[in-house]
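Numbering-wise, full-length UniProt numbering puts 66 at position 66 of the sequence shown, and it's gapless, one number per residue.
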Amino acid sequence: MLDKWHSVWRLVSDRMKRLKEGLTYNREMEKMKSFDFEEWRKRFLFFNDHRKGKLIDFFKRIDRDNDGRVSKSEFIEGVLNSRFTTNRLEMESVADIFDINGDRYIDQKEYLDTLRPDKGDSAGGHSSSRSESEIIQDEVQRLADQCTCVERYKVYRIDEGKYR
């Protein structure tokens, strides 16, 4: 009787695990319907502090054999293993976008070109095309958006560099 109970318990546990995995997968699929690469790109640039040097360092950490290119699966695993918040479904879509020439590899040039917000401008830094005021405004807005209070704190811009 006890063996039968353990058997039933294992079956129920396995079923619950599969149901939870299915629910998680369905939630991720729902999110993917509204996936916006531009938003993902901005989050990734912010994660790497918008600096080209940090972006290159991130790529080099993923590129273990130092040949200047990584397979899509290496790229996906590298980003998932970093502290950047994303999921596998998002990363599969992102890897397809990064693989510009369709050879199933992402080279350093494809990586940097895809992340550049101004693909036609070779000067290319994210912060160089924005004024200090815009950067401050975006940072204030980003921090205000992180507020999880019941009554959200409202930030008002009074003047250049002045908020209340």
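We treat Cβ as the ideally placed atom computed from N, Cα and C, and that holds for glycine.
Report buried or exposed for residue 3, applying the criterion of at least 16 other Cβ atoms within 10 angstroms of its Cβ.
-> The sequence position of residue 3 within the sequence shown is 3, counting from 1. With fewer than 16 other Cβ atoms within 10 Å, it is exposed.
#### Entry: Span of the beta strand (DSSP E), counted from its first residue to its last, around residue 105
The residue you call residue 105 lines up with position 105 of the sequence shown. Note, residue 105: beta strand (DSSP E), 105–107.
### Task
Using three-state DSSP, classify residue 56 as helix, strand or coil.
Translated into positions along the sequence shown, residue 56 becomes position 56. Three-state DSSP puts residue 56 in a helix.
**Request:** Count the other CB atoms, across all protein chains shown, that sit within 10 Å of the CB of residue 150; report buried if there are 16 or more and exposed otherwise.
**Result:** Against the sequence shown, residue 150 aligns to sequence position 150. Its Cβ having fewer than 16 others within 10 Å, residue 150 is exposed.
Problem set entry | At least three beta-carbon pairs within less than 8 Å, the region 70–79 to the region 96–116 | yes
*Using three-state DSSP, classify residue 71 as helix, strand or coil.*
On the sequence shown, residue 71 is found 71 positions in, with the first residue counted as 1. The answer is strand: DSSP assigns residue 71 an E or B state.
Decide if residue 10 is buried, meaning its Cβ has at least 16 other Cβ atoms within 10 Å, or exposed.
Taking the sequence shown and counting its residues from 1, one reaches residue 10 at position 10. Exposed, by the Cβ-count rule.
Assuming residue 35 and residue 90 are in contact, meaning their beta carbons sit under 8 Å apart, how far apart are those beta carbons, in whole angstroms?
Residue mapping note: residue 35 aligns to position 35 of the sequence shown, counting from 1. Residue mapping note: residue 90 aligns to position 90 of the sequence shown, counting from 1. So it is a contact: roughly 6 Å between Cβ atoms.
Next item on the list: Give the single residue among 7, 67, 143, 56 whose Cα lies nearest to the Cα of residue 116.
Entry: Against the sequence shown, residue 116 aligns to sequence position 116. Closest by alpha carbon: 56.
*By a C-beta neighbour count over all protein chains shown, 10 Å radius and 16 as the cutoff for buried, is residue 48 buried or exposed?*
Here residue 48 refers to the residue found at position 48 of the sequence shown. Residue 48 should be labelled buried.
(message) Within a Cβ cutoff of 6 Å, which residues of the same chain sit near residue 78, ignoring the five residues on either side of it in sequence?
(response) To locate residue 78, count along the sequence shown from 1; it is residue 78. Hits under 6 Å: 62.
query = Where does residue 144 land, buried or exposed, given buried means 16+ other C-beta within 10 angstroms?
reply = For this step, residue 144 is matched to residue 144 along the sequence shown. Label assigned to residue 144: exposed.
Spatial neighbours of residue 70 in its chain, beta-carbon cut-off 6 Å, leaving aside the 5 residues before and after: For this step, residue 70 is matched to residue 70 along the sequence shown. Hits under 6 Å: 62, 63, 106.
Output needed for residue 157: all residues of its chain with C-beta closer than 6 Å, excluding positions within five of it in sequence on either side, in chain order.
In the sequence shown, the residue the question calls residue 157 occupies position 157. Taken in chain order, the residues that qualify are 163.
In angstroms with no decimal places, state the Cα-to-Cα distance between residue 21 and residue 31. Within the sequence shown, residue 21 is the residue found at index 21, counting from 1. Within the sequence shown, residue 31 is the residue found at index 31, counting from 1. Residue 21 and residue 31: Cα-Cα distance of roughly 15 Å.
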